[in-house]
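Going by the working numbering, the sequence shown opens with residue 1, and the numbers climb by one from there.
Where a beta carbon is used, it is the ideal one built from N, C-alpha and C, also for glycine.
Here the structure is a predicted model, which means the values were calculated and not measured.
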Amino acid sequence: MTKASARHILVATEQECVALKTKIESGADFGDCARESSLCPSGNQGGRLGEFRPGQMVREFDEVVFSGEVGKVLGPVKTQFGYHLIEIMSRTA
């Protein structure tokens with residue numbers, strides 16, 4: 001069964017999400033940015049969400065994690081919770 005491992009940063013606005021993505025693409029550490037900025041409790045662990053299967057996260061999040069490029073920072077992804085930057089750590093079929 002398909003599984004993935006990812007980490008994310010959740011923020012309130014698209015602007016904040018884009019600014020964080022630019023910062024990370026310029027060399028900032030994803031985990032440090034998650035600890036500093038994420039509204040999700042996972043921010044304390046650098047945004048790590050552990051391993052999960054399709055359907056365990058909200059639809060918009062799942063679509064990115066189970067189709068996006070592993071290792072790349074993806075987003076902004078809008079969900080009912082806010083705006084996410086997502087880094088897919090691994091995915092198995």
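Use the C-beta contact count for residue i: other C-beta atoms within 10 angstroms, 16 or more gives buried, fewer gives exposed.
i	result
Arg53	exposed
Gly43	buried
Ala19	exposed
Gly27	exposed
Gly55	exposed
Expressed to the nearest angstrom, what Euclidean distance is found between the alpha-carbon atoms of residue i and residue j?
i	j	result
Ala4	Gly46	17 Å
Arg59	His84	13 Å
Glu36	Ile88	20 Å
Cys33	Glu63	23 Å
Glu25	Glu51	24 Å
Gln80	Arg91	24 Å
Lys23	Phe30	9 Å
Gly68	Ala6	11 Å
Leu10	Ile86	9 Å
Between the beta-carbon of residue i and the beta-carbon of residue j, is there less than 8 Å?
i	j	result
Gly75	Leu39	no
Val77	Phe61	yes
If residue i sits next to residue j, beta carbons under 8 Å apart, how far is it from one beta carbon to the other, in whole angstroms?
i	j	result
Met57	Val70	Not really, about 16 Å apart at Cβ, beyond 8 Å.
Thr13	Ala93	The Cβ separation is near 35 Å, so there is no contact.
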